[in-house]
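Just so we're on the same page, my numbering is the position in the sequence shown counted from 1, plus 13.
We treat Cβ as the ideally placed atom computed from N, Cα and C, and that holds for glycine.
Contents: one structure, followed by commentary.
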Amino acid sequence: MSDTWKKPYSREYAAFPTSWLRSAKFWPTTGRVDNVYGDRKLVCTLLPEEEQVAAAVSA
C-alpha cells in the first residue's frame with residue numbers, strides 16, 4: 014500500500030465522512046467466489062431480460 018494520498022480530502026474523512034460513523038462504523042463482509050478464478054471470471058446470475066419483463070407484468 015502506498016503512503017502517498019493525493020485526494021483533496023484526508024484519509025480520516027474518507028473512512029468517516031460523517032460524525033456518527035466514528036461510533037457506529039461498519040465494514041461489510043466480503044468473500045471470494047471460487048478463490049481467484051471466480052474473482053477474475055464473474056458470472057451474471059440475472060434472469061434474461063424477457064423473463065424479468067414477463068415476471069414484472071404478471072405481478
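Extent of the continuous alpha helix (DSSP H) to which residue i belongs
i   : result
L34 : 34–37
V56 : Note, V56: premise wrong, no alpha helix (DSSP H); not H, not E.
S71 : 62–71
Y26 : 24–28
Beta-carbon spacing of residue i, residue j below 8 Å
i   : j   : result
A27 : K20 : yes
R24 : W33 : no
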